[in-house]
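Student:
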Amino acid sequence: MKPLLEIDQIHVRYGDMTALRGVSITVAESEVVCVIGPNGAGKSTTLAAVAGGVKPFRGEVRLNGTAITGRAPERIAALGVSLVPEGRHIFGSLTVDENLAIGGYMRNDKAGVAADRARLLDLLPRLAERLHYPAGRLSGGEQQMLAIARAVMTRPRLLLVDEPSLGLAPKIVDQIYEILLDLRRRDGLTLLINEQSSNRILNHADRIHVLRAGVIQLEGRAEDLRDGDAIRHAYFGFG
Ligand code: ATP
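Numbering (UniProt numbering), first residue to last: 1 to 239.
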């Protein structure tokens with residue numbers, strides 16, 4: 001099957017600092033792929049290179065076989081790529097419903113937007129109960145769910161999620177992943193997710209890449225990496 005996303009040997013620099021050195025990641029349609037790595041490994045930069053936030057100076061990003069390297073973020077978004085950034089970036093003074101509406105704002109199909117809103121609220125009853133609350137009053141887990149729901153309101157084919165587990169209790173992390181996997185099941189959504197720790201991810205992802213110092217150190221199927229030794233070696237750089 002043709003991959004939906006191909007990150008092919010990309011290199012990214014910030015001034016004199018090289019953040020990515022030949023990173024390659026392929027994601028098939030409806031696959032859940034996770035990039036794990038320590039602080040500063042280059043995970044956010046990798047997602048930014050796909051979403052158009054940074055431009056690789058070498059290598060190529062292809063979506064459905066078409067090179068999108070260096071295109072403007074709004075053009076890449078229009079092709080069905082949506083990014084849930086680290087730290088969520090929801091609008092705290094707007095209500096939950098208003099945040100969702102922002103996700104659907106660029107779409108022309110009003111009926112589709114209404115149907116997606118209803119479906120997401122069905123999937124996320126805690127947001128449905130708090131529809132008219134300011135989003136800033138939600139818990140961390142609820143805010144993460146809202147950030148994902150808002151991104152899903154754009155009807156993406158590919159959802160990029162930067163560290164959804166950050167600062168959340170393990171039980172909430174599992175809930176977030178259940179929602180992401182449910183969206184994959186229902187919509188065939190393809191997911192590329194960054195995480196700092198592999199702890200809970202091995203249960204949810206199809207494939208894992210370990211990124212350290214701008215280089216992919218290890219990649220494999222989650223079920224083959226479950227004992228954790230290979231991941232630890234790649235992550236910490238010993239062995
Ligand atoms: P974190 O878990 O902290 O988000 P990360 O794996 O996502 O880490 P990146 O944020 O991609 O890593 O950063 C990779 C490297 O590039 C780091 O050394 C970081 O300091 C540097 N970097 C990131 N953004 C910039 C920028 N805008 N200007 C200069 N250097 C940057």
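Yeah, the Cβ is synthetic: ideal placement off N, Cα and C, and Gly gets one too. Keep in mind it's a predicted model, so treat the numbers as computed, not measured.
#1: Put residue 219 into one of helix, strand or coil per three-state DSSP.
#2: Three-state secondary structure (DSSP) at residue 106?
#3: From this set, 53, 44, 112, 122, which residue's C-alpha is nearest residue 153's C-alpha?
#4: Within the present structure, is the beta-carbon of residue 177 separated from the nearest heavy atom of the ligand ATP by less than 6 Å?
#5: Any heavy atom of the ligand ATP closer than 6 Å to the Cβ of residue 22?
#6: Would you kindly check if the distance between the Cβ of residue 151 and the Cβ of residue 84 is under 7 Å?
#7: How about residue 172 and residue 34: do their beta carbons lie closer than 7 Å?
#8: Flag residue 14 as yes when its Cβ comes closer than 6 Å to any non-hydrogen atom of the ligand ATP, and as no otherwise.
#9: Take residue 3 as the anchor and find which of 134, 92, 158 has the nearest alpha-carbon.
#10: When we look at the beta-carbon of residue 137 and count the other beta-carbons within 10 Å, is it buried (16 or more) or exposed?
#11: Quick check: the Cα distance between residue 54 and residue 191, rounded to an integer number of angstroms?
#12: Are the beta-carbon atoms of residue 73 and residue 51 separated by less than 7 Å?
#13: Could you compute how far the alpha carbon of residue 146 sits from the alpha carbon of residue 187?
#14: Where does residue 203 land, buried or exposed, given buried means 16+ other C-beta within 10 angstroms?
#15: If you measure between the beta carbons of residue 96 and residue 127, is that distance less than 7 Å?
#16: Under 6 Å Cβ to Cβ from residue 164, same chain only, skipping five residues before and after it: list those, please.
#17: Residue 229 and residue 32 - do their beta-carbons sit closer together than 7 Å?
#18: What is the rounded straight-line gap between the Cα of residue 78 and the Cα of residue 189?
#19: Report all residues for which the CB-ligand distance to some heavy atom of the ligand ATP is below 6 Å; order them along the chain.
#20: Could you check the C-alpha separation between residue 179 and residue 123 for me, to the nearest Å?
#21: Going by beta carbon distance, what residues of the same chain come within less than 8 Å of residue 167, once the five residues before and after it are set aside?
#22: Could you compute how far the alpha carbon of residue 17 sits from the alpha carbon of residue 133?
#23: Taking residue 27 and residue 46 to be in contact with their CB atoms under 8 Å, please state how far apart those CB atoms are, rounded to whole angstroms.
#24: Taking the alpha-carbon positions, what's the residue 14 to residue 42 distance?
Tutor: This is what the structure gives:
#1: strand
#2: coil
#3: 112
#4: no
#5: no
#6: yes
#7: no
#8: yes
#9: 158
#10: exposed
#11: 20 Å
#12: yes
#13: 18 Å
#14: exposed
#15: yes
#16: 144, 176
#17: no
#18: 16 Å
#19: 14, 17, 19, 37, 39, 40, 41, 42, 43, 44, 45, 86, 196
#20: 8 Å
#21: 140
#22: 43 Å
#23: At roughly 12 Å, the Cβ-Cβ gap does not stay under 8 Å, so residue 27 and residue 46 are not in contact.
#24: 11 Å
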